[in-house]
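What follows is one structure encoded as structure tokens, with my remarks underneath.
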Amino acid sequence: LLKKDRQPLTAKDIGLKVANEKEPQTVIMDGNVLDEPLSASGHNRAWLHSELEKLGVVIENVFLGQVDSYGQLTIDIYNDKLQMPSPQNKPLLLASLKKCHADLELFSLETKSKSASEMYSKNAKQIEKILNKVTYLLKE
Numbered sequence: 003l004l005k006k007d008r009q010p011l012t013a014k015d016i017g018l019k020v021a022n023e024k025e026p027q028t029v030i031m032d033g034n035v036l037d038e039p040l041s042a043s044g045h046n047r048a049w050l051h052s053e054l055e056k057l058g059v060v061i062e063n064v065f066l067g068q069v070d071s072y073g074q075l076t077i078d079i080y081n082d083k084l085q086m087p088s089p090q091n092k093p094l095l096l097a098s099l100k101k102c103h104a105d106l107e108l109f110s111l112e113t114k115s116k117s118a119s120e121m122y123s124k125n126a127k128q129i130e131k132i133l134n135k136v137t138y139l140l141k142e
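Taking this note's numbering, the leading residue of the sequence shown gets 3, the next gets one more, and so forth.
In structure tokens, the structure reads:
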């Protein structure tokens, strides 16, 4: 057992918030959809097929598919030579929120109406609060 000053640093030690994670749900096995874990993850077959379509994969080529605690589908296909695109939903959402914040700040400075400027500024502050709360979840 390591002495207190030699123990590794944890997120809790530095007050860093980390997202709660659940066990991933296996929703596809050997090309077959597993309905019970799929519904336990809060999704349905239509969602699953749309996610597979985004990845350009047919279900018969999927060896294993899992939904993680963030609702993101991760798949392993039979043909390991095919390159699967990595999902970009979270970084895109973070970038969109930052763009909205910047746009509202800009609108606040450019408008001649005092009430409109206050509204833009107020909403920019709300988005800034949201960004402070969710940035650690959306960074990869």
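Beta carbons: idealized from backbone N, C-alpha and C, even for Gly.
Computed from a prediction, not measured in an experiment: that's the story for all the values here.
1) Which ranges does the beta strand (DSSP E) cover as unbroken runs of at least 3 residues, wholly within the stretch 6-74, from first to last along the chain?
2) Just checking my contact of Val29 with Gly58 at CB under 8 Å: how many whole Å lie between their CB atoms?
3) For Asp15, tell me which candidate among Asn22, Lys6 and Leu94 has the shortest Cα-Cα distance.
4) Across the stretch 117-131 and the stretch 94-105, are there enough close Cβ pairs to call them in contact, namely three or more that are closer than 8 Å?
5) As a quick exercise: from Leu106, Asn91 and Arg47, pick the residue whose alpha carbon is nearest that of Lys141.
6) Ignore the nearest five residues each way along the sequence and tell me which others in Leu106's own chain have a CB closer than 6 Å to its CB.
7) Out of Glu25, Leu139, Gly44 and Met31, which has the shortest C-alpha to C-alpha gap to Leu94?
8) Roughly how many whole angstroms lie between the Cα atoms of Asp70 and Glu23?
From the atom records:
1) 27-31 and 64-69
2) In fact, because the Cβ distance is near 18 Å, the residues do not count as touching under 8 Å.
3) Lys6
4) yes
5) Asn91
6) Tyr122, Asn125 and Ala126
7) Leu139
8) 8 Å
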